[in-house]
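Working notes, beginning with the structure itself.
Residue numbers (my numbering): 9 to 173.
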């Protein structure tokens, strides 16, 4: 069973602030009541090592810090096309293996994917402007990082990791 805790926001939408459950496949609802869920708050799934996959609805525009911290079994995440903001440490220490960054996302913040030991491949969108320092620090399995030549990638984004770019 999956249960979410919601917080009303000033704009009439909702933020998910908590989760309880033991499901391997998590599906985040797109509405609470009749209002859209637009934010996933800090640490919502932190420590849930049973989670294998997460589906996030297209209503979500922002994802907070440490959301998937310690979700070591997490292999698949479906990021919404509406996602425009990731905060630092969003995927830290998760088991994610591949990620495709959606079109509205303009930056990858510092430490966003830190210590994702299973992350092998990152596909950036054509609109991505910047990848900050240490965004992929400690991603020991990362072999492919696909981005446009115009994307500004900090020289410290991978901590001197050699990649096929």
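Each residue gets a CB set at the ideal place from its N, CA and C atoms; glycine is no exception. Quick caveat, the model's predicted, so the values are computed rather than measured.
Proximity winner among the options, relative to residue i (alpha-carbon distances)
i	options	result
residue 118	89, 97, 68	97
residue 105	114, 80, 115	80
residue 150	138, 27, 126	126
residue 35	61, 101, 95	61
residue 33	19, 42, 53, 18	53
residue 101	120, 68, 110, 18	120
residue 219	92, 114, 103	Residue numbering for the chain in the displayed model covers 9 to 173; residue 219 lies beyond these limits and cannot be assessed.
Rounded straight-line distance, which links the Cα of residue j to that of residue i
i	j	result
residue 168	residue 153	Residue confidence is low: residue 168 scores 48 on pLDDT, short of 50, so the model does not pin down where it sits. Its coordinate-derived value is still stated next. Cα to Cα, residue 168 sits roughly 13 Å from residue 153.
residue 65	residue 88	6 Å
residue 46	residue 124	25 Å
residue 128	residue 155	15 Å
residue 133	residue 16	31 Å
residue 26	residue 38	15 Å
residue 237	residue 28	The first residue shown for the chain is 9 and the last is 173, placing residue 237 beyond what the model contains.
residue 30	residue 83	16 Å
residue 55	residue 85	16 Å
residue 68	residue 9	22 Å
residue 90	residue 165	24 Å
residue 110	residue 92	8 Å
Segment limits, beta strand (DSSP E) that includes residue i
i	result
residue 125	Premise fails: residue 125 is in no beta strand (DSSP E) and is neither H nor E.
residue 89	Counting along the chain, residue 89 falls outside any beta strand (DSSP E), and DSSP gives it neither H nor E.
residue 29	22-29
residue 46	43-48
residue 106	106-108
residue 15	10-16
residue 102	No beta strand (DSSP E) contains residue 102, which DSSP labels as neither H nor E.
Contacts around residue i, its chain only, beta-carbon distance under 8 Å, and the 5 residues preceding and following it disregarded
i	result
residue 57	78, 79, 80, 81
residue 14	22, 23, 24, 25, 40, 45
residue 11	27, 28, 29
Contact set for residue i: own chain, Cβ-Cβ below 6 Å, skip 5 residues either direction
i	result
residue 51	74
residue 107	130
residue 116	139, 143
residue 71	48, 94, 98
Other residues of its chain near residue i: CB distance less than 7 Å, five sequence neighbours each side excluded
i	result
residue 43	20, 21, 22
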